[in-house]
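There are 2 protein chains.
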Amino acid sequence: MNLLLLEDADFVAADRAILRDRRLKHLHEVHQAASGDRLRVGRLNGLMGSGTLLRLDATEAELQLQFDQPPPAKLPLTLLLALPRPKMLKRILQTVAAMGVPRLVLLNSYRVEKSFWQTPFLEPAALREQLILGLEQARDTVLPEVLIEKRFKPFVEDRLPAIAAETLGLVGHPGDYPPCPRAVEQAVTLAIGPEGGWIPYEVDKLREAGLQPVQLGARILRVETAVPVLLARLF
Amino acid sequence: MNLLLLEDADFVAADRAILRDRRLKHLHEVHQAASGDRLRVGRLNGLMGSGTLLRLDATEAELQLQFDQPPPAKLPLTLLLALPRPKMLKRILQTVAAMGVPRLVLLNSYRVEKSFWQTPFLEPAALREQLILGLEQARDTVLPEVLIEKRFKPFVEDRLPAIAAETLGLVGHPGDYPPCPRAVEQAVTLAIGPEGGWIPYEVDKLREAGLQPVQLGARILRVETAVPVLLARLF
Numbered sequence: 001m002n003l004l005l006l007e008d009a010d011f012v013a014a015d016r017a018i019l020r021d022r023r024l025k026h027l028h029e030v031h032q033a034a035s036g037d038r039l040r041v042g043r044l045n046g047l048m049g050s051g052t053l054l055r056l057d058a059t060e061a062e063l064q065l066q067f068d069q070p071p072p073a074k075l076p077l078t079l080l081l082a083l084p085r086p087k088m089l090k091r092i093l094q095t096v097a098a099m100g101v102p103r104l105v106l107l108n109s110y111r112v113e114k115s116f117w118q119t120p121f122l123e124p125a126a127l128r129e130q131l132i133l134g135l136e137q138a139r140d141t142v143l144p145e146v147l148i149e150k151r152f153k154p155f156v157e158d159r160l161p162a163i164a165a166e167t168l169g170l171v172g173h174p175g176d177y178p179p180c181p182r183a184v185e186q187a188v189t190l191a192i193g194p195e196g197g198w199i200p201y202e203v204d205k206l207r208e209a210g211l212q213p214v215q216l217g218a219r220i221l222r223v224e225t226a227v228p229v230l231l232a233r234l235f
Numbered sequence: 001m002n003l004l005l006l007e008d009a010d011f012v013a014a015d016r017a018i019l020r021d022r023r024l025k026h027l028h029e030v031h032q033a034a035s036g037d038r039l040r041v042g043r044l045n046g047l048m049g050s051g052t053l054l055r056l057d058a059t060e061a062e063l064q065l066q067f068d069q070p071p072p073a074k075l076p077l078t079l080l081l082a083l084p085r086p087k088m089l090k091r092i093l094q095t096v097a098a099m100g101v102p103r104l105v106l107l108n109s110y111r112v113e114k115s116f117w118q119t120p121f122l123e124p125a126a127l128r129e130q131l132i133l134g135l136e137q138a139r140d141t142v143l144p145e146v147l148i149e150k151r152f153k154p155f156v157e158d159r160l161p162a163i164a165a166e167t168l169g170l171v172g173h174p175g176d177y178p179p180c181p182r183a184v185e186q187a188v189t190l191a192i193g194p195e196g197g198w199i200p201y202e203v204d205k206l207r208e209a210g211l212q213p214v215q216l217g218a219r220i221l222r223v224e225t226a227v228p229v230l231l232a233r234l235f
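Residue numbers (the UniProt record's numbering), protein chains in the order written: chain A, 1 to 235; chain B, 1 to 235.
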């Protein structure tokens, strides 16, 4: 936790907040904080700044707050991801939030196991929890938007063309395709497939929606590695 | 497992192998393989090729093998990593092997918790197991070399200068430094710090050994994200 992220419910005045949950525990156990300490803070979806610990005991921490700094810029990106297996999903949500992806679409694909859609990690509170961990790690305050699209075809036919319009549309896909471009200057719509890859029908549909296949070399990476690798190349 | 990796002990003839362990289980449960199937295979530290399943039952799989293809090239890189916490170490070892790092140095740092050095994941067989998972994922056969350096100063003073000589030496470190370069043409020696970063003394010592600090922007990434991000930028 490199940023103490505060939500509306934490505030008892415009410049004062009280914490009682996992963040209190973290202040004690990891930061080994004490009254008078100054900490980096952020207001969820708002500014960042600093907080002074007025009081810290076993049940509560009270902070005096000052917000004066905008959060870091987001990447100009919509990321489409074939729904990963639940354990991987948690880490990927953190990575996506940490790296500054503003919009994530979790999409179905032929090779996504149906059971993955049943995971409790897709519930809004569970998604939010992982995204907040990523924001706290990277020092950002703005929650990414997450869209859940359980039907590939209607999303890709009806909604993706508008999302991809005026952007560089790319599909990460192994094969005889151009390499993924580096350090692009424009907004990007990027689709990353499931373990085993998109099936040819899906690649065709993504192409029709304006996304061109690009490859990353002979090595096949896990999705949780492919995401940071592709983002680091593109931006 | 995108490559079935065979070790010397698996061979019953120059072109024939028998499997009985986790790989047999994987053939049954994940690949749902059957006699006659052709699979991508590799010989540990050797060539890649294809294998035909002659026989597959509950206790054994027998393969007819043909090796005709070199493994993918490694990156021209020595990666120094402050020893990560054990859970993260496992994933990082897989990532390092999957991305083609030929040499990894696990190094002490002031901010590495002493208990991390006690983990059973540092034992040679445990290291090897994770590296092999990474090779199987990415389709490579050549095990990276892993050096374990529990003492920062003697390693950085006495051995690092020779490793870093004739390479582009870099330390990933947040701060007012040049951004990490992109798509470099030369060999690299790259040092990545622990959670919380190298301490100033360590940055000074790494500089003296020929490594220059570079930064990755305002966002603080977990080590397991910073590794693929830095490698994707550099190569």
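We put the beta carbon where it would ideally sit given N, CA and C, even for glycine.
CB of residue i within 8 Å of CB of residue j, strictly
i              : j              : result
A138 (chain A) : A164 (chain A) : no
G196 (chain A) : P174 (chain A) : no
L65 (chain A)  : D140 (chain A) : no
L6 (chain B)   : R40 (chain B)  : no
E155 (chain A) : E202 (chain A) : It should be noted that the sequence gives Phe, not Glu, for residue 155 (chain A). No.
L4 (chain A)   : R22 (chain A)  : no
G169 (chain A) : Q215 (chain A) : no
L133 (chain A) : V101 (chain A) : no
A187 (chain A) : V171 (chain A) : no
V227 (chain B) : T95 (chain B)  : yes
L54 (chain B)  : S35 (chain B)  : yes
M1 (chain B)   : V223 (chain B) : no
V146 (chain A) : L106 (chain A) : yes
V12 (chain B)  : K74 (chain B)  : no
P72 (chain A)  : A218 (chain B) : yes
I220 (chain B) : Y110 (chain B) : no
P70 (chain A)  : F121 (chain A) : no
R182 (chain A) : R182 (chain B) : yes
L131 (chain A) : L93 (chain A)  : yes
L63 (chain B)  : A17 (chain B)  : yes
Where the beta strand (DSSP E) containing residue i begins and where it ends
i              : result
L4 (chain B)   : L4 to L6
P71 (chain B)  : Note, P71 (chain B): premise wrong, no beta strand (DSSP E); not H, not E.
T78 (chain B)  : L77 to A82
Q212 (chain B) : Q212 to V214
I148 (chain A) : E145 to E149
L39 (chain A)  : R38 to R43
In DSSP terms, what residue i is bridged to
i              : result
F11 (chain B)  : B:A17
T189 (chain B) : B:T78 and B:G169
S50 (chain B)  : B:R40 and B:Q66
L234 (chain A) : None; L234 (chain A) has no bridge partner.
V105 (chain B) : B:L80 and B:L147
R55 (chain A)  : A:E62
P179 (chain B) : B:Q215
Enclosing alpha helix (DSSP H) for residue i [first to last residue]
i              : result
Q94 (chain A)  : P86 to M99
L24 (chain B)  : R22 to E29
R128 (chain B) : P124 to A138
D201 (chain A) : The question names Asp, yet the displayed sequence has Tyr at residue 201 (chain A). Start and end: P200 to E208.
R161 (chain B) : Residue identity differs from the one stated: residue 161 (chain B) is Pro in this sequence, not Arg. Per DSSP, P161 (chain B) belongs to the alpha helix (DSSP H) from L160 to A164.
*Residues from the stretch 97-116 of chain B in contact with chain A, defined by Cβ distance under 9 Å*: A98, M99 and G100
*Between the stretch 158-177 of chain A and the stretch 113-121 of chain A, are three or more C-beta pairs nearer than 8 Å?*
no
*Looking at C-beta atoms only, is the number of pairs between the stretch 39-49 of chain B and the stretch 74-82 of chain B that lie closer than 8 Å three or more?*
no
_Near-chain A residues of the stretch 131-142 of chain B (beta-carbon distance less than 8 Å), N- to C-terminal order_ = Q137, A138, R139 and D140
_Taking beta-carbon pairs under 9 Å, can you tell me which members of the stretch 199-226 of chain A lie near chain B?_
L216, G217, A218, R219, I220, L221, R222, E224, T225 and A226
*Name the residues in the stretch 37-69 of chain A whose C-beta lies less than 9 Å from a C-beta of chain B; which are they?*
none
*What residues in the stretch 184-196 of chain B bring their beta carbon closer than 8 Å to a beta carbon of chain A?*
none
*Identify each residue in the stretch 145-162 of chain A for which the Cβ-Cβ distance to at least one residue of chain B is less than 7 Å, and report them in chain order.*
none
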